[in-house]
Every structure is written in C-alpha cells, then in structure tokens.
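Participant: Handing you a structure now.
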Amino acid sequence: MRLAKIRGTVVSTCKEPSLQGVKFLLVQFLSESGEPLPDYEVAADVVGAGTGEWVLISRGSGARQHDGYQSRPVDATVVAIVDTVSADTGLRYSKKDDFH
Amino acid sequence: MRLAKIRGTVVSTCKEPSLQGVKFLLVQFLSESGEPLPDYEVAADVVGAGTGEWVLISRGSGARQHDGYQSRPVDATVVAIVDTVSADTGLRYSKKDDFH
Amino acid sequence: MRLAKIRGTVVSTCKEPSLQGVKFLLVQFLSESGEPLPDYEVAADVVGAGTGEWVLISRGSGARQHDGYQSRPVDATVVAIVDTVSADTGLRYSKKDDFH
Amino acid sequence: MRLAKIRGTVVSTCKEPSLQGVKFLLVQFLSESGEPLPDYEVAADVVGAGTGEWVLISRGSGARQHDGYQSRPVDATVVAIVDTVSADTGLRYSKKDDFH
Amino acid sequence: MRLAKIRGTVVSTCKEPSLQGVKFLLVQFLSESGEPLPDYEVAADVVGAGTGEWVLISRGSGARQHDGYQSRPVDATVVAIVDTVSADTGLRYSKKDDFH
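Chains as they are written, first to last, in this note's numbering: chain A, 1 to 100; chain B, 1001 to 1100; chain C, 2001 to 2100; chain D, 3001 to 3100; chain E, 4001 to 4100.
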C-alpha cells in the first residue's frame, strides 16, 4: 500500500454502470517522509476519508477486495485512514497532531 | 484510476478474436492539475467517450470488470466521463466550462 | 494497451513446459507519436505479427485472455496489428503507407 | 520480489473491516547492492519481521497468497526474512554479520 | 516478459510457509541490446537457470502459472533460458557464443 493525502473529489454522471454509488477521491501520493509526490490517483473510498487526511491506497486487484467491489472496474481504493507512521528515527506522522 | 483526455482512435482489422467490436481510444494521461503527461494508453471504451473529454482509465484486471469483457485481452478501459474535479484549492475542471 | 513495433524474436529451448509452442517477439514500445521508446518487452504472439509492424501489447493478466493461454506464465501478448492511429491533429500512422 | 529493509510501522484504527489484525510495516526498497532507494511501500507482515531486517516484498495479487489473506485489500506483503544475498562477486549481505 | 541475467541467489530460512522449496535468484534486467539496467528482481526459478545465463522473467500473476505455484506468494519467476535474441539488425545474443 502507499501513503497518500486526500486532496479532493472527482464527479462523473456517465460511467460504467457498476460504478454507481462509488465515491471517487483525488489522492496525492506522499514520500516516506510525508512530502507530496507528483503522482496521484483517483481512488474509490470505502472508509469515509476526508480532505487532508493521510490514508493507505491499495492498487490493482487488491483494490476490489471489499464487499460488493469484486466486479467493479476500480484499480485503486482508499482502504485505511492513517493514525500514526513511526520509523526507527521516531514518530513521522500523527493524525492527532495534524488535525488538532 | 487515472485522469486522461481522449485524443483519438486506433483501428485494427487483424486482432485476437474476442476483441471484435471493442473500440480502442488513444488517451493521454493528465497530471493532477490537468497538464498533459508524456504517458498514454490505448484503452477500450465502454462509456462512449468523445475526443477532448476528460475520463477515468482503469488498468490491469480492473479494466475487464464489465459485462462481456472478463475474457478479453484488454488491460486499460475508459470507465467514466469526468464532470468535475474539485480540490481543496477549488474547482480544477468542469466539463460544462470546457465544452461550452 | 500500448503501441509497439516488432523488432525481432527470442528463442528458448529450456522453458516452463506450458510455453512450448509459444512464439516470443521482441517488441519496442512507441510514444504516442510513434517515436521508439527505450522500453521493450518480450511478448507472446497470438496474431501472427511481422517485423516492423505496429501492434498493441496487452500486459498483466490481460495477456492470458486467449484460448489456451490462461495457465501459461506470460505477462505480455501481441493482441492486435494496428491499421491506423488517428488523433485530433490528423492521421498519425497508417500501415498501408508504412508498408507500401 | 524486491529486497527491502524494515523501517517502521503504520497504525490505522479506521480501515476496511478485513484489515483488522493485519500488521502494516513501512519498508524501504533497496538496490541490488543494498543502497536505500527513494521508493517505499506499506506492506502487510506475515513472517514477524523486525526493524532493520532485510526482507522480500511480494506485490500485486502475489501479496494475498497466504492463508486468510485472499480477500483482504492488500497489495504488498513481507513474505521472507533474508539470511544472505550472494552474487557472482561474492557475499553481498549476511543477516548474521549485520546483526551480530 | 523481460530479459534478465542471473546474478546470484537469495537465501531465507524464515518465510511464508508455502515458499519452502522455492529457489530465489537475484536477476538483473537487461536493456533490449543487452546492457545491464539498474533494475533487478528476486525471482523464483522453475527452469534451473545458472549464473550468467540470459533468461525471461514473467511478473505479476503470470509468475504463478506453474504447477504447484498458483498459491505461493511470488510475483516474479524465471520461466525460460534464452538461446538467441534476433533483431532486424542481426543476432543480438547467442547463448552458444556467450558460454563457449
């Protein structure tokens, strides 16, 4: 999975029928240390993530391992909202500090 | 999924038999802010997208999650026509404004 | 799918048993405008493509969506020979012109 | 698989339900000669790897080939702890020497 | 598939149980013309390849299309030992010449 930050939303009326009801979020990938990277993804949201939150993105067939998503044409999904990222050099990110 | 813009079409007479009837579109990937990227893809179209429209491309096995596509050798499909892209900094793209 | 040009062949005697009878082509990826890219692939051929022809390459599990290929360890296949590539700026490639 | 080094952990309370009980490790990819690369991954751990250890990361659907992981939305998993890496030029890495 | 050269071996005692008995080879990817690339992979071996040999690497789910490998967490496998690579410009590689 990759670390990313929720940046916005993508809206589509005309889409593959099974995508009805799927929420599309614009997410920007983050480096290991939290710097925004040029890469982004439009990901389905199954955890109710909000703008600015750090999340984990699962891609490929992993993005469809969720009830009701097995046959939807998605290749990226927000699967977790990150609380903390800790490394050998100490705490790198804490949602509590970021959103206080 | 990735944001892309429809640039053209690819025609093939001699192809894997199950690809009969599949429309191939030439799509150019866009950066998060809408700039054209050097990367492109030839994608199957299941939503009837037209030249210049912004779309979402699903790749890998996700590209085959559509009625009748499960056993076709495609690895990229246009799965949605984008209406709007909104970010924390405001509206980034609106089809209505782009095509008025 | 990606645009590529047939450059040559790869021959192997000692291989995974199910690869017997699979023809391996050396293909060079092309940019959207037809320039050769540094990336290449060794792809199985299911359409009888010849040297110099422009083709479409399907990668990943898409490369095995062909009768008798479902259980073969291939991750790239030539799935179509390209007749024309047309973009908003006009005809970019025509097999007829290329091979006359 | 790719060589990587365990750098830390990622904690998430709000996540896709089937991810309960999955341990997320922050892993940094290594070059063939053991230099840290800028790329990282957040990987599920099924072997009990510890900080600083060299491991093998399997990505894509390969990351879910483990009892109970088939339907979890993970796309990267720590599948082995590396003892030694040997090349034609000699021993490149030995866990015993690294952790003595 | 990609061209690669066998460079060495990776040994692991503590690993996902189904990986018992799998031989891990360190392989270095080659450019189309045979130059070593910075990218490498640790690949399972199902053909008995030896150091210095040119091989074909299949990645993703293609790497598990071999008897007994369907449920093993591998994402790269050596599936063929290359005899020759021929291009429109002539013979690029011949195992016979390389190992005489």
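Built from N, CA and C at the ideal position, the CB exists for glycine as well.
1) Distance, Cα to Cα, Ser4012(E) vs Val3078(D)?
2) Out of Ser1033(B), Val1010(B), Val1027(B) and Leu1003(B), which has the shortest C-alpha to C-alpha gap to Gly1090(B)?
3) Excluding five sequence neighbours on each side, which residues of the same chain lie with their C-beta closer than 7 Å to the C-beta of Ser4071(E)?
4) Jot down the residue ranges of each uninterrupted beta strand (DSSP E) in the region 11-53 of chain A, minimum 3 residues, whole runs only, in chain order.
5) Report the option in His66(A), Gln65(A), Asp83(A) and Pro38(A) whose CA atom is closest to the CA atom of Val55(A).
6) So, at 6 Å on beta carbons, what are the nonlocal neighbours of Ser3058(D) in its own chain, with the 5 sequence-adjacent residues on each side left out?
7) Are the CB atoms of Ala1004(B) and Phe1029(B) nearer to each other than 9 Å?
8) What are the boundary residues of the beta strand (DSSP E) that Arg1064(B) is part of?
9) So Ala1049(B) and Phe1024(B) are supposed to be a Cβ contact under 8 Å. How far apart are they, rounded?
10) Is there a Cβ from chain E that is less than 9 Å from the Cβ of Ser2031(C)?
11) Of the residues that make up the region 2078-2091 of chain C, which ones have a beta carbon closer than 7 Å to any beta carbon in chain H?
12) I want to see whether chain A comes within less than 9 Å of Val1042(B), judged by CB atoms only; does it?
13) Determine the chain C residues that contact Arg4002(E) at a beta-carbon separation under 9 Å, and present them in chain order.
14) Using the beta-carbon of each residue, which ones in chain D are nearer than 8 Å to Lys4015(E)?
15) At a Cβ threshold of 9 Å, is Gly21(A) touching chain B?
16) Kindly indicate the opening and closing residues of the alpha helix (DSSP H) around Asp3075(D).
17) Are the CB atoms of Gly2052(C) and Leu2026(C) within a distance shorter than 9 Å?
18) Determine the direct distance from the alpha carbon of Tyr1069(B) to that of Pro2038(C), and round the result to whole angstroms.
19) Could you compute how far the alpha carbon of Ser4061(E) sits from the alpha carbon of Ser1061(B)?
20) Give me the residue from Lys4095(E), Phe4099(E) and Ile4081(E) with the minimum Cα distance to Gln2020(C).
21) Assuming Val1047(B) and Lys15(A) make a contact with CB atoms under 8 Å, what is their CB distance in whole Å?
22) Between which two residues does the alpha helix (DSSP H) containing Asp3098(D) stretch?
23) Name, please, each residue of chain D whose Cβ falls closer than 8 Å to the Cβ of Gly4060(E).
24) Bridge partners for Thr84(A) per DSSP, in chain order?
25) Output, in chain order, the set of chain A residues within a Cβ distance shorter than 7 Å of Gly3050(D).
Facilitator: In this structure, then:
1) Numbered from its first residue, the fifth sequence carries residue 4012(E) at position 12. Numbered from its first residue, the fourth sequence carries residue 3078(D) at position 78. Distance between the alpha carbons of Ser4012(E) and Val3078(D): 12 Å.
2) Numbered from its first residue, the second sequence carries residue 1090(B) at position 90. The option with the nearest alpha carbon to Gly1090(B) is Ser1033(B).
3) Along the fifth sequence, read from residue 1 onward, the residue named residue 4071(E) stands at position 71. Only Ser4018 meet the Cβ criterion.
4) Within the region 11-53 of chain A, complete beta strand (DSSP E) segments of at least 3 residues are found at 24-30 and 36-45, given in chain order.
5) Locating residue 55(A) in the first sequence gives position 55, where the first residue counts as 1. Checked all of His66(A), Gln65(A), Asp83(A) and Pro38(A); the closest Cα to Val55(A) is Asp83(A).
6) In the fourth sequence, residue 3058(D) corresponds to position 58, counting from 1. Answer for Ser3058(D): Met3001, Thr3077 and Val3079, listed in chain order.
7) Position 4 of the second sequence, counted from the first residue, corresponds to residue 1004(B). Position 29 of the second sequence, counted from the first residue, corresponds to residue 1029(B). Ala1004(B) places its beta carbon less than 9 Å from that of Phe1029(B).
8) For the purposes of this step, residue 1064(B) is taken as residue 64 along the second sequence, with counting starting at 1. Taken as a continuous stretch (DSSP letters only), Arg1064(B) belongs to no beta strand (DSSP E), as it is neither H nor E.
9) Translated into the one-based positions of the second sequence, residue 1049(B) becomes position 49. Translated into the one-based positions of the second sequence, residue 1024(B) becomes position 24. About 12 Å; that fails the 8 Å criterion.
10) The residue given as residue 2031(C) occupies position 31 in the third sequence. By this cut-off, Ser2031(C) is not an interface position.
11) In the structure shown, chain H does not exist; the protein chains are A, B, C, D and E.
12) Taking the second sequence and counting its residues from 1, the one referred to as residue 1042(B) is at position 42. Judged by the 9 Å Cβ criterion, Val1042(B) is not in contact with chain A.
13) Counting from one through the fifth sequence, the residue named residue 4002(E) turns up at place 2. The contacting residues are Tyr2040, Glu2041, Val2042, Asp2075 and Ala2076.
14) The residue labelled residue 4015(E) in the question sits at position 15 within the fifth sequence. Near Lys4015(E) (Cβ distances below 8 Å), the residues of chain D are Val3047, Leu3056, Val3079, Ala3080 and Ile3081.
15) Stepping through the first sequence from its first residue, residue 21(A) is reached at position 21. Not one chain B Cβ lies under 9 Å of Gly21(A).
16) Counting from 1 along the fourth sequence, the entry for residue 3075(D) is found at position 75. Asp3075(D) -> no alpha helix (DSSP H), and no H or E assigned at all.
17) Against the third sequence, residue 2026(C) aligns to sequence position 26. Against the third sequence, residue 2052(C) aligns to sequence position 52. Cβ distance not < 9 Å, so Leu2026(C) and Gly2052(C) don't count as in contact.
18) As a position in the third sequence, residue 2038(C) is number 38, starting the count at 1. As a position in the second sequence, residue 1069(B) is number 69, starting the count at 1. Approximately 31 Å between the Cα atoms of the pair.
19) Stepping through the fifth sequence from its first residue, residue 4061(E) is reached at position 61. Stepping through the second sequence from its first residue, residue 1061(B) is reached at position 61. C-alpha of Ser4061(E) to C-alpha of Ser1061(B): approximately 10 Å in a straight line.
20) One-based indexing of the third sequence puts residue 2020(C) at position 20. Comparing Cα-Cα distances from Gln2020(C) to each of Lys4095(E), Phe4099(E) and Ile4081(E), the minimum goes to Ile4081(E).
21) Within the second sequence, the letter at position 47 stands for residue 1047(B). Within the first sequence, the letter at position 15 stands for residue 15(A). Indeed they touch by this definition, with Cβ atoms about 6 Å apart.
22) The sequence position of residue 3098(D) within the fourth sequence is 98, counting from 1. Where Asp3098(D) is concerned, the enclosing alpha helix (DSSP H) stretches over Lys3095 to Asp3098.
23) Position 60 of the fifth sequence holds residue 4060(E). Correct list: Gly3060, Ser3061 and Gly3062.
24) Looking up residue 84(A) in the first sequence gives position 84. Partner(s): Ser94(A) and Val3011(D).
25) The residue you call residue 3050(D) lines up with position 50 of the fourth sequence. Near Gly3050(D) there are no residues of chain A at all, since even the closest Cβ is about 11 Å away, more than 7 Å.
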